[in-house]
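K.L.:
I'd like to ask some things about the structure below.
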Amino acid sequence: MRIVEINEAEAIFEPFWEGGTSEHTNPHEKYRVLDEYEIEYSEDTIGQISQGWAFASINIDKAKKNTVAMSMSRKCELDIITYDTLKIFASIPEELFFDVYVTIDGEYKKIGDKIKGHGVTGEYDLPIVGNIITTIRIDFIATKDYITANIAWLGLADSKRVEFMESRKNHYDSKWTGLFKEKNEVDFNAEIEILFDNKDLDTLRKKFEIEPFKSAYEGMVELAKEYMKTQPEKLIGTYVPKPDRRWCRDRHVNKPALDTIMENLAFVGLIEKDYEMLRMACRCALSVAHCTYWCESIMGVFPGAMWHHRSFTEEIYCKSCGYVLDWAGSLLTPYGKQIIRDAITMKGLPRLEADFKCVDYIRQMNQGIVFSGGRVTGLLGLVHRFPRYHSNILEAEQDIIEMINNYVKEDGGTLEGPHYWQYTFSNVIPSLYALARYKKQPFSIYKELLSKTGKFILSHLSQQDDGTILLPINDAHPGVHLKANIAYSFYELTGNEVWLSLYTKLLEKGYVSDDVFTLVASPLVEKIEGDTVIEQGIFEVTGQVDINRQGKDISKAHLHYCSGELYVGHSHQDKGSIILEAEGITLCPDCGAGYYHDANLSNLCCANNHSLFLPVFDNGKLARQPMEQYGGKIIRAELKDDYVTIVSDETKAWEEGLMKHSKRRIYSPCAEVYIIVDDVELYEEHNMKFLLNSFADYEEKEKGIFTADFDKCSLNVIPLNWECQDSNVRNIKDGEKQEVFQLELTTKKSDKHFNVTAITLAKNDQFKVKYIDDIIELTSNNYSISITINDNLVDVKEQ
Numbered sequence: 037m038r039i040v041e042i043n044e045a046e047a048i049f050e051p052f053w054e055g056g057t058s059e060h061t062n063p064h065e066k067y068r069v070l071d072e073y074e075i076e077y078s079e080d081t082i083g084q085i086s087q088g089w090a091f092a093s094i095n096i097d098k099a100k101k102n103t104v105a106m107s108m109s110r111k112c113e114l115d116i117i118t119y120d121t122l123k124i125f126a127s128i129p130e131e132l133f134f135d136v137y138v139t140i141d142g143e144y145k146k147i148g149d150k151i152k153g154h155g156v157t158g159e160y161d162l163p164i165v166g167n168i169i170t171t172i173r174i175d176f177i178a179t180k181d182y183i184t185a186n187i188a189w190l191g192l193a194d195s196k197r198v199e200f201m202e203s204r205k206n207h208y209d210s211k212w213t214g215l216f217k218e219k220n221e222v223d224f225n226a227e228i229e230i231l232f233d234n235k236d237l238d239t240l241r242k243k244f245e246i247e248p249f250k251s252a253y254e255g256m257v258e259l260a261k262e263y264m265k266t267q268p269e270k271l272i273g274t275y276v277p278k279p280d281r282r283w284c285r286d287r288h289v290n291k292p293a294l295d296t297i298m299e300n301l302a303f304v305g306l307i308e309k310d311y312e313m314l315r316m317a318c319r320c321a322l323s324v325a326h327c328t329y330w331c332e333s334i335m336g337v338f339p340g341a342m343w344h345h346r347s348f349t350e351e352i353y354c355k356s357c358g359y360v361l362d363w364a365g366s367l368l369t370p371y372g373k374q375i376i377r378d379a380i381t382m383k384g385l386p387r388l389e390a391d392f393k394c395v396d397y398i399r400q401m402n403q404g405i406v407f408s409g410g411r412v413t414g415l416l417g418l419v420h421r422f423p424r425y426h427s428n429i430l431e432a433e434q435d436i437i438e439m440i441n442n443y444v445k446e447d448g449g450t451l452e453g454p455h456y457w458q459y460t461f462s463n464v465i466p467s468l469y470a471l472a473r474y475k476k477q478p479f480s481i482y483k484e485l486l487s488k489t490g491k492f493i494l495s496h497l498s499q500q501d502d503g504t505i506l507l508p509i510n511d512a513h514p515g516v517h518l519k520a521n522i523a524y525s526f527y528e529l530t531g532n533e534v535w536l537s538l539y540t541k542l543l544e545k546g547y548v549s550d551d552v553f554t555l556v557a558s559p560l561v562e563k564i565e566g567d568t569v570i571e572q573g574i575f576e577v578t579g580q581v582d583i584n585r586q587g588k589d590i591s592k593a594h595l596h597y598c599s600g601e602l603y604v605g606h607s608h609q610d611k612g613s614i615i616l617e618a619e620g621i622t623l624c625p626d627c628g629a630g631y632y633h634d635a636n637l638s639n640l641c642c643a644n645n646h647s648l649f650l651p652v653f654d655n656g657k658l659a660r661q662p663m664e665q666y667g668g669k670i671i672r673a674e675l676k677d678d679y680v681t682i683v684s685d686e687t688k689a690w691e692e693g694l695m696k697h698s699k700r701r702i703y704s705p706c707a708e709v710y711i712i713v714d715d716v717e718l719y720e721e722h723n724m725k726f727l728l729n730s731f732a733d734y735e736e737k738e739k740g741i742f743t744a745d746f747d748k749c750s751l752n753v754i755p756l757n758w759e760c761q762d763s764n765v766r767n768i769k770d771g772e773k774q775e776v777f778q779l780e781l782t783t784k785k786s787d788k789h790f791n792v793t794a795i796t797l798a799k800n801d802q803f804k805v806k807y808i809d810d811i812i813e814l815t816s817n818n819y820s821i822s823i824t825i826n827d828n829l830v831d832v833k834e835q
């Protein structure tokens, strides 16, 4: 244990984050301070304290309520004579409490009593007085099951010195003597022409007089007026302003990030020929340039630490400073421009280049592609003054091509889900657009690179809101709209009119992103009438299946099936889960992801929050699909004459030693009926739970039939060849805190399970169940469907 001063008043002595890594194949072994702790669990507790990727991770599956569930303690020799506060930087949910004990100068005492979690990442300050701490102990007290939390670091502070430090006046002012030209010297032209030529400015001004661009641009203007109240010089400090609550101190989380502010002001100022707006954009860039580090907190520059949160913050400031040099650079003297260029070269690009050269995993997922935005724009901001950067630009382009080819699988899909797909491509498309302009070539030079992945996102659209919402699979927020610039860019590259239809719907609904690239590159087109046709998608490599059909009673139904590899970055434990939609609404949702600073974030990833066939352990431990496992595999998926067959093997998704085999089959002869066959053999006897999420509550209206009623239709769940030993509806929240009702149907205990369950949808025509010898019939006015179950064979036919 060593005390490392992080400023004049504070220090960190337990950097738990440093023991973690995002590089799961990194051969470099790391010292972990968590290994110095003795971990104790109460007799009734099922859970673990372990090293997470950026913190000490606390997981509680089951614990006796309101008593100590687990604790972590160690011996030490901590000199606190110059400090009066012990600090804990952690993300702890409100349902978890903790006690803190220390031995100071030989006296064992409690300094924190049943401290309630904040629910988000933040700081906890505990008073200490004395000379030497020789033991530290933290006890965790759960008030419910299924809790996750984490601790990033422990530190020390002198409260009086902190107060003085925080009260110290910042002496930077807004004059920036010698850095600005006189107003009459400014020509209000772009200096570099990264995204558009100066001759295009009048065309853009006329475009912004036409809806929907008029409203979107007016929104930018109103924001720019609000941003004029910014005092960027007051934000100059050790760390560049980027209020990411996961890493930032409480004193920093309310400081606004300046990247969006300066981009907005520079663009609007250029269009409006507004000197003061352009000047404010430059003030923001100069203020950023004067921050010591272009990362967001001490966790990125802690002495002796190898851990870093990658170059997210460096990327956004390289990009925004590049745009300011372009759109507002005409206001700056050569000296003023060079201060910004120097910051890009010394504080932004080095960390980006280190990631590209040293971190292999970013070349397989979203990060490397996304970081290319700041890399390319930053380099374009430099190359006209320093032509030797030309080779770096060409290298950046080749890296983008390599990384996109790595990211997109053979079937056109990606493993991170649709939200990260959009995040990735909405960031890289402006970079490719800028690169094409720099090379004086059309954007279509990247057609082959991008085209094959377009169908993946088209089949991952929800029925909600005219088919412009992305399905919340993996780390994805519910309710996220497709971006207009994505829709038009892929139409331009592929010629597929589904993209054009989506684009016109997004324009009509006003979903025109207020980012500059969308306003610059998205044209006004004629509206295309009619519903968006969500494409069928069978992605056997990626492990995702989307089927959309018209029924006789249900006008349209959408089934999504999740399988595929477990991807360390952003996968959820959803291999074997389904999403069902009908009549333009989501019936059976995926809970998606919450915000990264939310203490309950990790819970949403867990298997028990998905629509799975889940093993149940007697001791309360959760069955998991660990990230280090392979994942699932689509064996067969087809749509033939409106009949859907999906066969998937999820055996290797589950934790080692649990499953001999785990297969899920879905037979769907029509849009209204889904026969789910769960065929599982375990190494030991366990109960299983059939789980199905719903946005409507369930009711057992008839014995053995569980119904969820929606405004436009109803959903029935019918165990066909089995009786549930217990039924329950569990209330959970999705990533946007919407209430989700999860039906839990528990089987009898066995090492072999072969369970056939029907899900039926009805608008006006309910299904009835009949059992005739070995045949089960589902009949309605429109359909007669027979299900024959013989040993482990199931035959589903429409009569």
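Counted the way the working numbering counts, the sequence shown spans residues 37 to 835. All residues carry an ideal CB built from backbone N, CA and C; glycine is no exception.
Please report the straight-line C-alpha distance between residue 76 and residue 145, rounded to a whole angstrom.
P.N.:
Taking the first residue of the sequence shown as 1, we reach residue 76 at position 40. Taking the first residue of the sequence shown as 1, we reach residue 145 at position 109. If I take the Cα positions, the gap works out to 19 Å.
K.L.:
Is residue 374 helix, strand or coil when you go by DSSP?
P.N.:
Along the sequence shown, one-based indexing puts residue 374 at 338. Here residue 374 sits in helix by DSSP.
K.L.:
Residue 518 to residue 503, Cα distance in whole Å?
P.N.:
Residue mapping note: residue 518 aligns to position 482 of the sequence shown, counting from 1. Residue mapping note: residue 503 aligns to position 467 of the sequence shown, counting from 1. If you take the alpha carbons of residue 518 and residue 503, they lie about 9 Å apart.
K.L.:
Let me make sure I understand the geometry here. Which of 738, 110 and 171 has the alpha-carbon closest to that of residue 142?
P.N.:
Mapped onto the sequence shown, residue 142 falls at position 106. Per the Cα distances, 171.
K.L.:
At the level of alpha carbons, what is the spacing between residue 254 and residue 247?
P.N.:
The sequence position of residue 254 within the sequence shown is 218, counting from 1. The sequence position of residue 247 within the sequence shown is 211, counting from 1. Near 10 Å, if we compare the C-alpha coordinates of residue 247 and residue 254.
K.L.:
Can residue 148 and residue 128 be called in contact, C-beta distance under 8 Å?
P.N.:
One-based indexing of the sequence shown puts residue 148 at position 112. One-based indexing of the sequence shown puts residue 128 at position 92. With contacts defined as CB atoms closer than 8 Å, residue 148 and residue 128 fail to qualify as a contacting pair.
K.L.:
Give the secondary structure of residue 826 by DSSP, where H, G and I count as helix, E and B as strand, and everything else as coil.
P.N.:
Indexing the sequence shown from 1 puts residue 826 at position 790. Three-state result, residue 826: strand.
K.L.:
In whole angstroms, give me the CA-to-CA distance for residue 98 and residue 318.
P.N.:
Position 62 of the sequence shown, counting from 1, holds the residue named residue 98. Position 282 of the sequence shown, counting from 1, holds the residue named residue 318. One C-alpha to the other measures close to 54 Å.
K.L.:
Rounded to whole angstroms, what is the Cα-Cα separation between residue 373 and residue 299?
P.N.:
Within the sequence shown, residue 373 is the residue found at index 337, counting from 1. Within the sequence shown, residue 299 is the residue found at index 263, counting from 1. Their backbone Cα atoms lie some 16 Å apart in a straight line.
K.L.:
Is the beta carbon of residue 731 closer than 8 Å to that of residue 623?
P.N.:
For this step, residue 623 is matched to residue 587 along the sequence shown. For this step, residue 731 is matched to residue 695 along the sequence shown. Yes, Cβ-Cβ distance for residue 623 and residue 731 is below 8 Å.
K.L.:
Mind the definition here: the stretch 270-282 touches the stretch 221-239 only if three or more C-beta pairs lie below 8 Å; say whether that holds.
P.N.:
no
K.L.:
By a C-beta neighbour count over all protein chains shown, 10 Å radius and 16 as the cutoff for buried, is residue 422 buried or exposed?
P.N.:
In the sequence shown, residue 422 corresponds to position 386, counting from 1. It is exposed - the Cβ of residue 422 has fewer than 16 other Cβ atoms within 10 Å.
K.L.:
Just list the residues that DSSP pairs residue 212 with in beta bridges.
P.N.:
Taking the first residue of the sequence shown as position 1, residue 212 is located at position 176. The partner list for residue 212 (beta bridge, DSSP) is empty, contrary to what the question assumes.
K.L.:
Between the C-alpha atoms of residue 654 and residue 789, what's the straight-line distance to the nearest angstrom?
P.N.:
Sequence index remark: in the sequence shown, residue 654 carries index 618 (1-based). Sequence index remark: in the sequence shown, residue 789 carries index 753 (1-based). Each residue's Cα considered, the two are about 17 Å apart.
K.L.:
For the beta strand (DSSP E) containing residue 780, list its first residue and its last residue.
P.N.:
As a working note, residue 780 is residue 744 in the sequence shown. Where residue 780 is concerned, the enclosing beta strand (DSSP E) stretches over 775-782.
K.L.:
Mind pulling the beta strand (DSSP E) runs of 3 or more residues that sit fully within the stretch 86-123?
P.N.:
92-98 and 104-115
K.L.:
Can you find the residues in the same chain that come closer than 8 Å, C-beta to C-beta, to residue 150, ignoring five residues on each side of it along the sequence?
P.N.:
By one-based count along the sequence shown, residue 150 stands at place 114. So the list reads 133, 134, 135 and 177, once near-sequence residues are dropped.
K.L.:
Is it buried or exposed, residue 74, if we count other Cβ atoms within 10 angstroms and call 16 or more buried?
P.N.:
For this step, residue 74 is matched to residue 38 along the sequence shown. So residue 74 ends up on the exposed side.
K.L.:
Taking only runs that begin and end inside the stretch 612-663, name each unbroken alpha helix (DSSP H) of 4 or more residues, in chain order.
P.N.:
637-641
K.L.:
In angstroms with no decimal places, state the Cα-to-Cα distance between residue 707 and residue 497.
P.N.:
Translated into positions along the sequence shown, residue 707 becomes position 671. Translated into positions along the sequence shown, residue 497 becomes position 461. Going by the C-alpha atoms only, they are around 18 Å apart.
K.L.:
Between residue 397 and the rest of its own chain, which residues show a CB-CB distance below 6 Å, the 5 nearest in sequence each way excluded?
P.N.:
For the purposes of this step, residue 397 is identified with residue 361 of the sequence shown, where counting begins at 1. Same-chain partners within the cutoff: 59.
K.L.:
What three-state label does DSSP hand residue 240 in the structure shown?
P.N.:
The residue you call residue 240 lines up with position 204 of the sequence shown. Note: residue 240 maps to helix in three-state DSSP.
K.L.:
Quick one: residues in its chain with C-beta nearer than 6 Å to the C-beta of residue 68, no 5 flanking neighbours on either side, listed in chain order?
P.N.:
For the purposes of this step, residue 68 is taken as the residue at position 32 of the sequence shown. For residue 68, where only same-chain residues beyond five positions count, the Cβ hits under 6 Å are 55 and 87.
K.L.:
Tell me the DSSP secondary structure of residue 330 in three-state form.
P.N.:
For the purposes of this step, residue 330 is identified with residue 294 of the sequence shown, where counting begins at 1. In this structure, residue 330 counts as coil in the three-state DSSP scheme.
K.L.:
Tell me which same chain residues have a C-beta within less than 7 Å of the C-beta of residue 281, skipping the five on either side of it?
P.N.:
Mapped onto the sequence shown, residue 281 falls at position 245. Same-chain partners within the cutoff: 156, 157, 289 and 633.
K.L.:
Are the beta-carbon atoms belonging to residue 230 and residue 413 less than 8 Å from one another?
P.N.:
Locating residue 230 in the sequence shown gives position 194, counting from the first residue. Locating residue 413 in the sequence shown gives position 377, counting from the first residue. Against a cut-off of 8 Å, the Cβ pair of residue 413 and residue 230 comes out as a contact.
K.L.:
Tell me the start and end of each unbroken alpha helix (DSSP H) in the stretch 534-588 that is at least 4 residues and wholly inside, in chain order.
P.N.:
552-557
K.L.:
Give the list of continuous beta strand (DSSP E) stretches no shorter than 3 residues that lie fully inside the stretch 320-370.
P.N.:
none
K.L.:
I'd like to know whether the C-beta atoms of residue 83 and residue 108 end up nearer to each other than 8 Å.
P.N.:
As a position in the sequence shown, residue 83 is number 47, starting the count at 1. As a position in the sequence shown, residue 108 is number 72, starting the count at 1. No, Cβ-Cβ distance for residue 83 and residue 108 is not below 8 Å.
K.L.:
Under DSSP, the alpha helix (DSSP H) around residue 393 begins and ends at which residues?
P.N.:
To locate residue 393, count along the sequence shown from 1; it is residue 357. Residue 393: member of the alpha helix (DSSP H) spanning 385-394, first to last residue.
K.L.:
Answer yes or no: do residue 828 and residue 782 have a C-beta to C-beta separation smaller than 8 Å?
P.N.:
Here residue 828 refers to the residue found at position 792 of the sequence shown. Here residue 782 refers to the residue found at position 746 of the sequence shown. It is not a contact, given that the beta carbons lie outside the stated cut-off.
K.L.:
Could you tell me the alpha carbon to alpha carbon distance between residue 435 and residue 53, rounded to whole angstroms?
P.N.:
Residue mapping note: residue 435 aligns to position 399 of the sequence shown, counting from 1. Residue mapping note: residue 53 aligns to position 17 of the sequence shown, counting from 1. Each residue's Cα considered, the two are about 29 Å apart.
K.L.:
I need the DSSP call for residue 694, collapsed to helix, strand or coil.
P.N.:
The sequence position of residue 694 within the sequence shown is 658, counting from 1. Residue 694 sits in coil when the DSSP states are folded into three classes, being neither helix nor strand.
K.L.:
Which residues in the same chain have their Cβ closer than 6 Å to the Cβ of residue 729, if we skip the five residues on either side of it in sequence?
P.N.:
The residue given as residue 729 occupies position 693 in the sequence shown. Correct list, in chain order: 624, 625, 647, 776 and 778.
K.L.:
Under the rule that 16 or more other beta-carbon atoms within 10 Å means buried, what is residue 466, buried or exposed?
P.N.:
Against the sequence shown, residue 466 aligns to sequence position 430. Counting Cβ neighbours within 10 Å, residue 466 comes out buried, since at least 16 surround it.
K.L.:
State the DSSP-derived secondary structure class of residue 500, mapped to helix, strand or coil.
P.N.:
Translated into positions along the sequence shown, residue 500 becomes position 464. DSSP places residue 500 in helix when its eight states are reduced to three.
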